[in-house]
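Written below as structure tokens is the structure these notes are about.
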Amino acid sequence: MAVITEASLRAMHKTGIPNPFLIEKGDKITPAAADFLKGRGIQVKSFEEQQQQPSTNQTAEAVREIPLGVSNRHVHLSPADVEKLFGAGHQLTPMRDLSQPGQFACQETVTIVGPKGSIHGVRILGPARGATQVEISRTDGFALGVHAPVRMSGDIEGTPGLVLVTAKGTVVLDKGVIVAKRHVHMSPADAEQYEVKDGDTLILATQSDRPVIYPDVVVRVHPQFALDFHVDLDEGNAANLKTGDRVKVIGKNGQFYSG
220 MAVITEASLR
230 AMHKTGIPNP
240 FLIEKGDKIT
250 PAAADFLKGR
260 GIQVKSFEEQ
270 QQQPSTNQTA
280 EAVREIPLGV
290 SNRHVHLSPA
300 DVEKLFGAGH
310 QLTPMRDLSQ
320 PGQFACQETV
330 TIVGPKGSIH
340 GVRILGPARG
350 ATQVEISRTD
360 GFALGVHAPV
370 RMSGDIEGTP
380 GLVLVTAKGT
390 VVLDKGVIVA
400 KRHVHMSPAD
410 AEQYEVKDGD
420 TLILATQSDR
430 PVIYPDVVVR
440 VHPQFALDFH
450 VDLDEGNAAN
460 LKTGDRVKVI
470 GKNGQFYSG
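Those letters in the sequence shown? Residues 220 to 478, per the numbering used here, in order.
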């Protein structure tokens, strides 16, 4: 008998978690592990149940679906800006883990201030990274008076700035504000399964009551990534999507799959 924990599942990210996740008779799954699998759209089945069902169509269908995460506005800080906003030597405080291994939402928040307005309580995501970046929705941009371009994370040259404020400090950014371009995170094993490479694009279709087709979803591949499709709050609301929903892969690199 084995006990399956969230920690043991996270350790499997490098090689990929199979879907469905098969367990033997007598195995136990902790509640946190069950929530972890459910949040990623991974089914739990017994070996006996799997052997009793035809696998060909199920496998093909599983490969055609990807779990989704809806991302609200947030801030990534450089180590230097962490200290400017929270004091010398301050370390970001993890509050909860995110879908990507090693990434976490922090207890710390900031106020972001633009030419027309401000938004309070914007969550910081950790760990600290090389350059400070603020990811907002287009709707947020209207409220702030900031015309942020749609960019991939890290591509901040030529983007507008704004001001970050906490009770302990202020940071004036001359660049770094973007609307995040929708994208899919994949491990190398996921990329092999979906027959794509880093920089390819997928055509994805939602399965909600307000169906939408996304024709150019960029694939990002890294050994530390877990399979997840990210959209911002505006895109998620437009299609009645929520974190944990699944989208269907219907093509890649501008070509629809036949059949």
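For glycine and all other residues, C-beta sits at the position ideal for the given N, C-alpha and C. These figures come from a predicted structure and were not determined experimentally.
Count the other C-beta atoms from every protein chain shown that fall within 10 angstroms of the C-beta of Phe-475, then say buried if there are 16 or more, exposed otherwise. Working through the sequence shown from its first residue, we reach residue 475 at position 256. By the 10 Å Cβ count, Phe-475 comes out exposed.
Considering Val-301, what are the terminal residues of the alpha helix (DSSP H) in which it resides? The residue you call residue 301 lines up with position 82 of the sequence shown. Counting along the chain, the alpha helix (DSSP H) containing Val-301 begins and ends at 298-305.
On a Cα-Cα basis, can you pick out the residue from Glu-243, Glu-225, Glu-414, Ala-307 that is closest to Asp-504? Because the chain spans 220 through 478 in this model, residue 504 falls outside it and cannot be assessed.
Cβ of Ser-318 within 8 Å of Cβ of Ala-458? Reading the sequence shown from its first residue, position 99 is the one you call residue 318. Reading the sequence shown from its first residue, position 239 is the one you call residue 458. At the C-beta level, Ser-318 and Ala-458 stay beyond 8 Å of one another.
Buried or exposed (CB count within 10 angstroms, at least 16 for buried), Gln-352: Along the sequence shown, read from residue 1 onward, the residue named residue 352 stands at position 133. When all chains shown are included, Gln-352 counts as buried.
Would a C-beta distance cut-off of 8 Å place Gln-326 and Thr-312 closer than the cut-off? The residue labelled residue 326 in the question sits at position 107 within the sequence shown. The residue labelled residue 312 in the question sits at position 93 within the sequence shown. In this structure, Thr-312 lies closer than 8 Å to Gln-326 by Cβ.
Within 8 Å (strictly less), CB to CB, does Val-468 reach chain C? Of the chains in the structure shown, none is chain C; there is only one protein chain.
Restricting to Cα atoms, I'd like to know which of Val-450, Asp-428, Thr-358, Lys-394 is closest to Val-438. As a position in the sequence shown, residue 438 is number 219, starting the count at 1. Closest by alpha carbon: Val-450.
Straight-line CA distance for Ile-484 to His-404? Because the chain spans 220 through 478 in this model, residue 484 falls outside it and cannot be assessed.
Mark Ala-230 as exposed unless 16 or more other C-beta atoms lie within 10 angstroms of its C-beta, in which case mark it buried. In the sequence shown, residue 230 corresponds to position 11, counting from 1. Its Cβ having fewer than 16 others within 10 Å, Ala-230 is exposed.
Buried or exposed (CB count within 10 angstroms, at least 16 for buried), Phe-333: Against the sequence shown, residue 333 aligns to sequence position 114. First, the residue type needs correcting, since residue 333 is Gly and not Phe in the sequence shown. It is buried - the Cβ of Gly-333 has at least 16 other Cβ atoms within 10 Å.
C-alpha distance - Asp-359 paired with Asp-393, whole-angstrom precision: For the purposes of this step, residue 359 is taken as the residue at position 140 of the sequence shown. For the purposes of this step, residue 393 is taken as the residue at position 174 of the sequence shown. Their Cα atoms are separated by approximately 18 Å.
Using the Cα positions of Ala-299 and Thr-389, report the straight-line distance between them to the nearest angstrom. As a position in the sequence shown, residue 299 is number 80, starting the count at 1. As a position in the sequence shown, residue 389 is number 170, starting the count at 1. Distance between the alpha carbons of Ala-299 and Thr-389 is about 12 Å.
Under the DSSP definition of a beta bridge, which residues are partnered with Tyr-433? As a first step, residue 433 is located in the sequence shown; it is residue number 214 there, counting from the start. According to DSSP, which records beta bridges pairwise, Tyr-433 is partnered with Leu-423.
Measuring straight from C-alpha to C-alpha, what distance separates Val-468 and Val-384? Locating residue 468 in the sequence shown gives position 249, where the first residue counts as 1. Locating residue 384 in the sequence shown gives position 165, where the first residue counts as 1. Val-468 and Val-384: Cα-Cα distance of roughly 41 Å.
Buried or exposed, going by whether 16 or more other CB atoms sit within 10 Å of the CB of Gly-308? For the purposes of this step, residue 308 is taken as residue 89 along the sequence shown, with counting starting at 1. Counting every other CB atom within 10 Å of its CB across the protein chains shown gives Gly-308 a total below 16, marking it as exposed.
Where do the N-terminal and C-terminal ends of the alpha helix (DSSP H) with Arg-229 fall, by residue? By one-based count along the sequence shown, residue 229 stands at place 10. Per DSSP, Arg-229 belongs to the alpha helix (DSSP H) from 225-229.
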